[in-house]
Amino acid sequence: MKKFLIKSGLFLLLFLGVNSLFTLYLDFQLPRNVRHKLFWVFSHQQQHFDFVIAGHSRAFNLVDIPTIQKKTNTTGLNIALGGSGLTDNYLIFRKFIENGNHVKNLIVQIDIYSLNSAQSFGYPFHDFLFLPYIYTDYIGDAIKRHRGWLRYFFWKYLPCTRYIEFNSKYDLEFLRSSFRTDSGWNRSLGSKIFYDLNYKNFKKPPARKYSVAPIDSLYLEKLLEFTREQTINVVFYTAPVYYKLQGYHNTQIPDRFLQEICQKYQIPHLDFTALALCQNQYYFRDYNHLNSAGTLLFSEILSDSLNHYLKR
Amino acid sequence: MLFNSLEFAIFLPLVFIAYWFIFHKNLTIQNLFILFSSYLFYGWWDWRFLSLIFVSSLTDYLIGIQLAKTVAPPKRKRLLLISLGVNLGLLACFKYFNFFIESLVDLFTTAGITLNVKSLQIILPVGISFYTFQTLSYTIDIYRNKLKPTHDFIAFFAFVSFFPQLVAGPIERAKNLLPQFQRPRSFHYEQAADGLRQMLWGLFKKIVVADTCAVAVEYIFNKPATLSGGILLVGVTLFAFQIYGDFSGYSDIAIGAARLLGFDLMRNFAFPYFSRDIAEFWRRWHISLSTWFRDYLFIPLGGSRGTRQQRIRNILITFTVSGFWHGANWTFLIWGFLNGLYYVPLMLLNRQKKHTAIVAQNRIFPTPGELVQMLLTFLITLVAWIFFRASSLQEAWIYLNGLFSKSICLIPLAEIKSIQYPLLKGCFFCLILVIVEWFQRRQQHGLQINHLNGVVRWVIYLIIFTITLYSANYHDPQEFIYFQF
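Here it is, written out as structure tokens:
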């Protein structure tokens, strides 16, 4: 029995040792995959931007950065991520700034979905994307808050467990892509417009009563505190929704919360949910997302509004 | 609890430690601990169905004792019928009830009569086909005076519910497994170490080979009408490896886990895809079920004796019932019947035992003739697998039509663009599996590599362990296919 236990233990130690070295390599190599939106964002260092846009898919897919740049005569970047909650938004923005980038304005797409990400998104906190940075205190803290101390402990102190658990996200294809230097994001400046998707008769979502999740409000405040420290101007906006969804959900709680936050931090909130284009299904891909025609039109409208609020 | 889940990775070491360090001094307590662990293992899935295992165990335990006390043949027969009634009744109720009802309704509908009978919402209890057959064989063996009943209540209940093989076999015979519960067990390094190796190989087959193939198989079997014949051929080939990796992987993990606890379970797979004819295939595939049907159905029907018609009947009945055992669907019946049809010519020519030893016994590579025989056997099993995998006869027919079309030699990449990566990965791991098992075909499992240098061995273990862990799905582990049977 003694021999069995010793040999089994030795094997496990050997496995952990070899795989910890492999994890160190992955920590270095995986973030070099600039074909992935997040790592492309983090690949920017020591650059100056007049504005960056943060949020979930309604920021990632519904704004055309080149249009805004042209209309406002500024430089910008879309750092939003599909299906991301406010924790993601905070971590992405802070890491982006700590990479030495200078930003004058942060434009945040905010709505009932971002204020209750767990209720709205399938995977609201993209923990696996931040694993290469788990040793950074605020990232580790966010992981601990969302996933609990046990998982955090394993991911931090038994490094190989990180990529073993998320092997379907970081597969061989991902690793292979990390050796390529070309990235489509350079052209779109981080946006992904729905070019090939037009409105279809999609199913209306069931009506809900929306609230504000404590974790989302916490990270929204962290984001705003951070921008205040960095003297970055913040503008909130809410992207258009198809007119049939207007007043459909019960949004009293998030509406009131947003009003209070805007008052507390003196932030302008541009609400585009009732634009004229919202009446026209020609501009929509589904209830919450514009198609390419809608996005290009909305980007022009957004630019006109931003012209009044951007810090130059 | 699934073998490929995190829960089992915690459960097994805890059981191992408690079993050898805390409960090792008293056999009854050790068996009681196995019983408790097995019920916990099963109850993790759904504790309500523990009552079925309990009823099946209690029935056969009591009937076994009564059978030994009874001499009068009619009374003995009555006791046997009670056991058959209870066990097959459980199966009929939980597994086949809806099938019978739906088939009856279909039959009447064809005759123009509308029956207003509704099927029930019944959950199929995991492993019911396995443990009912295991307890049945115990009673039948006592009835045939081939086995003496046990009076050790705990040992018998632990034998029926033994967690490594409870939900998907091997279907053990009381003659082999029960005595192991009745004698003290001691720890043997070689047995335990080999058990671990076999578990590792089983996990590799399940997680790396079967689950990788499953992605492409799912895609291809979901739309056979729109794909070329060549792709359908790739799909069914991958399914052949998926089902083999899944089920033989399970058996390897079960046998390995049992060996860690000092038990030797029967072999369930012996490299079946290296068979040179269908008879050899069935001696190497799901051995515990094939031998069960041989001993308790084929031989009582008359076996290979009698007239030509009787022998054909016996074979076809045995294979068809064996197909039906797998699931309550016409597809399984056809699958079983088809395998019976493959078998008949061999039996009539008295060539069913032509190949008993492993292929190329004393050579590295097979002869061209052996290679052709193996390929032909594999190809005819592929046709049968289509029925096994398809959800209905109609779907199987569409698949067969697409497969045997002019496009059988075409693999248009555009049709598989979205699954290119898992498909290539699946093919690659299938190739690795075939190569390893070819060179290991004289051994019990793919990782019995004691003849290699220690360092080389450890490097191989490390690579396989790493690949397996990096391939597993921790958020939504794939169930074993045979759980549904």
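Line order of the protein sequences matches chains A and B. If you're matching positions, the first sequence starts at 0 in numbering that gives the first Met the number 0 and goes up one per residue. If you're matching positions, the second sequence starts at 0 in numbering that gives the first Met the number 0 and goes up one per residue. Beta carbons: idealized from backbone N, C-alpha and C, even for Gly. All values reported here derive from a predicted model rather than from experimental measurement.
My understanding is that residue 286 (chain B) touches residue 262 (chain B), with C-beta atoms under 8 Å, so please give their C-beta distance in whole angstroms. 17 Å between Cβ atoms; not a contact.
Please compile the residues from chain A whose C-beta is within a distance smaller than 7 Å of the C-beta of residue 470 (chain B). 166
For the pair the segment 218-227 of chain B and the segment 367-375 of chain B, tell me if three or more CB-CB distances fall below 8 Å. no
For the segment 37-45 of chain B against the segment 118-134 of chain B, do three or more pairs of beta-carbon atoms, one drawn from each stretch, fall closer than 8 Å, so that the two count as touching? yes
Restricting to runs no shorter than 4 residues, where is the alpha helix (DSSP H) found entirely within the segment 16-70 of chain A? 36-41 and 56-59
Taking the Cβ atom as the reference point for each residue, do residue 190 (chain B) and residue 258 (chain B) lie within a distance shorter than 8 Å? yes
Assuming residue 190 (chain A) contacts residue 51 (chain A) under a Cβ cut-off of 8 Å, what Cβ separation, rounded to an integer in Å, is found between them? Not a contact, Cβ separation roughly 12 Å.
Output the boundary residues of the alpha helix (DSSP H) element that contains residue 76 (chain B). 72-90
Since residue 45 (chain A) and residue 99 (chain A) are thought to touch, with beta carbons under 8 Å apart, how far apart are those beta carbons, to the nearest angstrom? 4 Å
As assigned by DSSP and simplified to three states, the class of residue 288 (chain A): coil
Interface partners of residue 18 (chain A) on chain B, CB under 7 Å: 465
contact_flag[the segment 222-229 of chain A, the segment 243-251 of chain A] where n(CB pairs < 8 Å) is 3 or more: no
Run down chain C in chain order and give the residues with a C-beta less than 7 Å from the C-beta of residue 461 (chain B). Of the chains in the structure shown, none is chain C; the protein chains are A and B.
Which residues, in order along the segment 144-172 of chain A, keep a beta-carbon less than 7 Å from a beta-carbon of chain B? 163, 164, 166, 167 and 172
Beta-bridge pairing of residue 75 (chain A) - partner residues as DSSP gives them: A:50
One or two residues paired with residue 270 (chain A) in a DSSP bridge: A:237
Residue 158 (chain A): which of A:127, A:184, A:183 and A:182 sits nearest, CA to CA? A:127
Residue ranges of each beta strand (DSSP E) run of no fewer than 3 residues wholly in the segment 109-164 of chain B, ordered along the chain? none
Sort B:154, B:79 and B:93 by Cα distance to residue 143 (chain B) and report the nearest one. B:79
Find out if the Cβ-Cβ distance for the pair residue 236 (chain A), residue 188 (chain A) is shorter than 8 Å. no
Mind listing the chain A neighbours of residue 186 (chain B)? Cutoff is C-beta to C-beta under 9 Å, in chain order. 0 and 3
Taking all protein chains shown into account, do 16 or more other C-beta atoms lie within 10 angstroms of the C-beta of residue 218 (chain A), making it buried, or fewer, making it exposed? buried
Measure the CB-CB distance between residue 82 (chain B) and residue 59 (chain B) and report whether it falls below 8 Å. yes
For residue 192 (chain B), would you say it is in contact with chain A, using Cβ-to-Cβ distances shorter than 8 Å as the test? yes
Can you grab the Cα-Cα spacing for the pair residue 199 (chain B) / residue 0 (chain B), in whole Å? 18 Å
Of all the options A:116, A:47, A:59 and A:71, which has the alpha carbon lying nearest to the alpha carbon of residue 309 (chain A)? A:71
Residue 314 (chain B) beta carbon less than 8 Å from that of residue 386 (chain B): no
Find out if the Cβ-Cβ distance for the pair residue 240 (chain A), residue 209 (chain A) is shorter than 8 Å. no
Per DSSP, which one or two residues make a beta bridge with residue 108 (chain A)? A:236
Starting from residue 283 (chain B), trace the alpha helix (DSSP H) in both directions and tell me its first and last residue. 277-283
Neighbour list for residue 19 (chain B) in chain A, Cβ cutoff strictly below 7 Å: 0
Can you pull out the residues from the segment 27-39 of chain A whose beta carbon lies closer than 8 Å to at least one beta carbon of chain B? none
Give me the DSSP bridge partner(s) of residue 283 (chain A). A:289
Which whole-angstrom value is the C-beta distance of residue 18 (chain A) and residue 467 (chain B), which I expect to be below 8 Å? That pair is no contact at about 12 Å.
If the cut is a Cβ gap below 7 Å, which residues of chain B does residue 178 (chain A) touch? Those within 7 Å of residue 178 (chain A) in chain B number zero; the least Cβ separation is about 16 Å.
Go through the segment 149-213 of chain A residue by residue and report every complete run of the alpha helix (DSSP H) that reaches 4 residues or more, in order. 159-164, 171-176 and 184-187
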